[in-house]
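What follows is a single structure, written as structure tokens, with notes after it.
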Amino acid sequence: MFMESRTLKPKGNLVIHIEGVTKEYKMGEEIVRALRGVDLSIYRNEYVAIMGPSGSGKTTMMNLLGCLDTPTSGKYEFNGKNVATMEDDELAEIRNKEIGFVFQNFNLLPRSTALQNVELPLVYAGISGEARREKALAALQSVGLGDRAHHKPNELSGGQRQRVAIARALVNNPSIILADEPTGNLDTKTSIEIMNIFETLYEQGNTIIVVTHEEEIARHARRIVRLRDGLIESDRLISEMEFAKV
Amino acid sequence: MRRFFYEFSESCQIAYAQIMANKVRSFLTALGVVIGILAVTLMGTAINGIDRGFENSLSMIGYDVLYVQKWPWADNSRTWWIYRNRPDIKTDYAEQINRIIENSPRTELVTAVPQGVKFAAVKRGERQVNSVFIMGTTEEYPQVSTVDLKEGRFFNSTEERGARQVCIIGYDIADGLFPNESPIGKTIQIANFQCVVIGVIEKQGKFLGLFSFDSQVIIPLPVLKKYFGNSRDSRVVVKIKDKNRLVEAKDELTGIMRRVRQLSPEEDDNFAINEQQAFKSTIDPIKSGIALAGLFITGLSLFVGAIGIMNITFVSVKERTREIGTRKALGARRRTILMQFLIEAVAICLIGGVVGVMLAFGLSFALQAANFPAEFSLSLVMSAMLASILTGVVSGFAPAYSASKLDPVVALRYE
Numbered sequence: 002m003f004m005e006s007r008t009l010k011p012k013g014n015l016v017i018h019i020e021g022v023t024k025e026y027k028m029g030e031e032i033v034r035a036l037r038g039v040d041l042s043i044y045r046n047e048y049v050a051i052m053g054p055s056g057s058g059k060t061t062m063m064n065l066l067g068c069l070d071t072p073t074s075g076k077y078e079f080n081g082k083n084v085a086t087m088e089d090d091e092l093a094e095i096r097n098k099e100i101g102f103v104f105q106n107f108n109l110l111p112r113s114t115a116l117q118n119v120e121l122p123l124v125y126a127g128i129s130g131e132a133r134r135e136k137a138l139a140a141l142q143s144v145g146l147g148d149r150a151h152h153k154p155n156e157l158s159g160g161q162r163q164r165v166a167i168a169r170a171l172v173n174n175p176s177i178i179l180a181d182e183p184t185g186n187l188d189t190k191t192s193i194e195i196m197n198i199f200e201t202l203y204e205q206g207n208t209i210i211v212v213t214h215e216e217e218i219a220r221h222a223r224r225i226v227r228l229r230d231g232l233i234e235s236d237r238l239i240s241e242m243e244f245a246k247v
Numbered sequence: 043m044r045r046f047f048y049e050f051s052e053s054c055q056i057a058y059a060q061i062m063a064n065k066v067r068s069f070l071t072a073l074g075v076v077i078g079i080l081a082v083t084l085m086g087t088a089i090n091g092i093d094r095g096f097e098n099s100l101s102m103i104g105y106d107v108l109y110v111q112k113w114p115w116a117d118n119s120r121t122w123w124i125y126r127n128r129p130d131i132k133t134d135y136a137e138q139i140n141r142i143i144e145n146s147p148r149t150e151l152v153t154a155v156p157q158g159v160k161f162a163a164v165k166r167g168e169r170q171v172n173s174v175f176i177m178g179t180t181e182e183y184p185q186v187s188t189v190d191l192k193e194g195r196f197f198n199s200t201e202e203r204g205a206r207q208v209c210i211i212g213y214d215i216a217d218g219l220f221p222n223e224s225p226i227g228k229t230i231q232i233a234n235f236q237c238v239v240i241g242v243i244e245k246q247g248k249f250l251g252l253f254s255f256d257s258q259v260i261i262p263l264p265v266l267k268k269y270f271g272n273s274r275d276s277r278v279v280v281k282i283k284d285k286n287r288l289v290e291a292k293d294e295l296t297g298i299m300r301r302v303r304q305l306s307p308e309e310d311d312n313f314a315i316n317e318q319q320a321f322k323s324t325i326d327p328i329k330s331g332i333a334l335a336g337l338f339i340t341g342l343s344l345f346v347g348a349i350g351i352m353n354i355t356f357v358s359v360k361e362r363t364r365e366i367g368t369r370k371a372l373g374a375r376r377r378t379i380l381m382q383f384l385i386e387a388v389a390i391c392l393i394g395g396v397v398g399v400m401l402a403f404g405l406s407f408a409l410q411a412a413n414f415p416a417e418f419s420l421s422l423v424m425s426a427m428l429a430s431i432l433t434g435v436v437s438g439f440a441p442a443y444s445a446s447k448l449d450p451v452v453a454l455r456y457e
């Protein structure tokens, strides 16, 4: 197993630093060791795909990276802050300010308009009504949905829904955008659209982490981390030449 | 703080949207609270009404008068035959008491008024009212009474001393005997003698139909003595100067009565000095007993309503587990989620409460029309609102708390 990332030259500041992280679950009588000692560092403005077959610990990894869960043991620093031992509400604060989530099934609130959905993280951040609307509208415009602001999710296509979710993830200027199978519920054409948005966001300087099992999707990233049986199997950069071929 | 405000207004919007999205469910749940609040509020109006009835009766007894009687109004410490064997109170005592008062420069008492009491039928032509409270008294009666006249006048000292057959009648008597005319100047028959009506007493209202001051006739004391003889139920009513010095006045009157009765120091009092307070102290426990039992029973229906709210909030939390997960992922804290569901529960309860109070308001008129004492008040509305908010908080707390404790990882993947 080679850990190329350690030898990589950092592009920017260190955002995520994980060292010797393990995660264990109790499933009835059995203890499942989903992660068995993982080291990973992600720098500002990286585009990372985390891959692996089901049962590889991919989902657990995504929960930990997203501060939805804390590790059983090991070190996790987010922007230099130790999040491994944080309480629920402190984690909520990190999620609100530092992480933009994009889910496979969009997870939009069905009875709220696109605008209201995008405003939600700003509500929890305590931003006033007017500033909220302004920022949310700007985020929607950046994903090309400025004219759909007052539509409810069921009035939007799948691709449009996912774009609303991306706008929602962007709206608080997070340190990372964490996408979990973002194209899993979309057809090929729409998938390409969505991946183009991620590409643009990356070019604008955002840090993007995509968790996926699809090679097609992973190929958009500049670095691919492969998990197997709770360990990192490989972690490699895609050279510009390699990327251009795709 | 600002953040709390935004979260609060957001929660209110969510609650509104949620109620609108589940109209039937919200309506049915609110109905439980409506019935609960309706029952409690109606009970409240009844208690208010009973209170007012007692208050009216007590004010008719008078706040600044003492009653010299054979029997005490409130005393269970001694056996009844001691009271029965006491000598009767004579109306003549009033004169003796007044003489003593006149000779006491620093007295707490104003004047003593005798009252003789009989029950008799009152007739006029074909119309008759049975067992009317006939009271014989002196021209000073208005001093010790809170009763006002609707029309006419009270008898004067000439009429009293001369045993003129005049009378003042209560509202119900006037209504019963003179349905379509003014009774003033007309003659009525009391038992076996005739009297001219010179005054009518203002309607006093009755209390739960037990006793009505509206069915009484007041005549000069000499007239009562002449036709009924000496009344065994006589009493002397004494007006005092200052109702805040009731105890002193009572002590003074006790001393005077002991002189009148010529009791030696070792003898016990063989009379009772009664006052409104003593009456009140026997009534109050009954009153609060009624109130407590009534509120407890009606409170049960509110409790059932609260269970309904709790149930529906649990359902709502379950249904929206994914939503809770999403909100948490986006940075909602525990208290935000807690508040969201609490506000939803409270909102349904408040709607129920408002409807319940409005229904109770309407129904209290129906109760009044049915001659049942019912009284609506602003404080009742306030307490009903408070009760519904409290119901919402108490019943919504358990489900809201369980929602706030949800693990975002589990909630996000909940199917």
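Heads up: the sequence lines are chains E and Z, in that order. For the first sequence, our numbering gives the first residue as 2, with consecutive numbering after it. For the second sequence, our numbering gives the first residue as 43, with consecutive numbering after it. Using N, Cα and C, we set each Cβ at its ideal position, and we do this for glycine too.
- Within chain E, N108, L110 and P111 have C-beta atoms less than 9 Å from the C-beta of E365/Z, given in sequence order.
- In this model, Y456/Z and V397/Z are separated by some 37 Å (Cα to Cα).
- Every unbroken stretch of the beta strand (DSSP E) spanning 3 or more residues and falling wholly within the segment 11 to 63 of chain E is given here in chain order: 15 to 28, 31 to 44 and 48 to 52.
- Along the segment 120 to 131 of chain E, going in chain order, the ones with a CB nearer than 8 Å to a CB of chain Z are L121, P122, V124, Y125, A126, G127, I128, S129 and G130.
- For P450/Z, the closest Cβ of chain E is nearer than 8 Å.
- Only buried fits Q111/Z, as 16 or more other CB atoms lie within 10 angstroms of its CB.
- Just measuring C-alpha positions, the residue of S437/Z, A374/Z, F418/Z and L334/Z sitting nearest L384/Z is S437/Z.
- Around D89/E, the beta-carbon contacts reaching into chain Z at under 8 Å are R375 and R376.
- Listed in chain order, the beta strand (DSSP E) elements of length 3 or more contained wholly in the segment 168 to 236 of chain E are 177 to 181, 208 to 212 and 224 to 229.
- With the rule of 3 Cβ pairs closer than 8 Å, the segment 202 to 209 of chain Z does not count as touching the segment 126 to 144 of chain Z.
- Listed along the chain, the chain Z residues whose CB falls inside 7 Å of the CB of A93/E are K370, G373, A374 and R375.
- Taken in chain order, the complete beta strand (DSSP E) segments of 3 residues or longer contained in the segment 184 to 222 of chain Z are 191 to 194 and 208 to 211.
- Note that the C-beta distance between L171/E and S143/E is below 8 Å.
- Nearest Cα to L80/Z within the set G241/Z, S276/Z, A63/Z and A429/Z: A429/Z.
- For the C-beta of R45/Z, the chain E residues within less than 9 Å are, from N- to C-terminus, V124, Y125, A126, G127 and I128.
- In the DSSP assignment, Q231/Z falls outside any alpha helix (DSSP H) and within the unbroken beta strand (DSSP E) covering T229 to I232.
- In this structure, L110/E lies near E365/Z, with their beta-carbon atoms less than 8 Å apart.
- Residue contact with chain Z for F79/E: absent (no Cβ-Cβ distance below 8 Å to any residue of chain Z).
- Contacts with chain Z at 8 Å (Cβ-Cβ) do not include R162/E.
- For E49/Z, a Cβ of chain E is located within less than 8 Å of the residue's own Cβ.
- Annotation for F255/Z: no alpha helix (DSSP H) segment contains it, and DSSP assigns it neither H nor E.
- Excluding residues up to 5 positions away in sequence, A136, I139, N140, V278 and V280 lie with their Cβ nearer than 6 Å to the Cβ of A154/Z in the same chain.
- Here the C-alpha atom of W122/Z lies approximately 15 Å from the C-alpha atom of D310/Z.
- As the crow flies, the alpha-carbon of N174/E is around 18 Å from that of K370/Z.
- Contact annotation: T87/Z and F356/Z have beta-carbon atoms that are not nearer than 8 Å.
- Within chain E, V124 have C-beta atoms less than 7 Å from the C-beta of E52/Z, given in sequence order.
- Under the DSSP assignment, F47/Z falls in the alpha helix (DSSP H) whose first and last residues are R44 to A63.
- A Cβ-Cβ distance of about 5 Å is found for the pair I210/E and L179/E, placing them in contact under the 8 Å criterion.
- Taken through DSSP and simplified to helix, strand or coil, G101/E comes out as strand.
- A straight line joining the alpha-carbon of L191/Z with that of S276/Z spans about 24 Å.
- For F403/Z, the enclosing alpha helix (DSSP H) starts and ends at R376 to A411.
- No Cβ of chain E is located within less than 8 Å of the beta carbon of A426/Z.
- Counting only residues of its own chain and dropping the five nearest sequence neighbours on each side, L228/E has a CB closer than 6 Å to the CB of G53, S57, G58 and K59.
- Contact residues of the segment 185 to 218 of chain E toward chain Z are absent (C-beta to C-beta distance below 7 Å).
- As a beta-bridge residue in DSSP terms, A154/Z pairs with V280/Z.
- The beta-carbon of N64/E is placed less than 8 Å from the nearest beta-carbon of chain Z.
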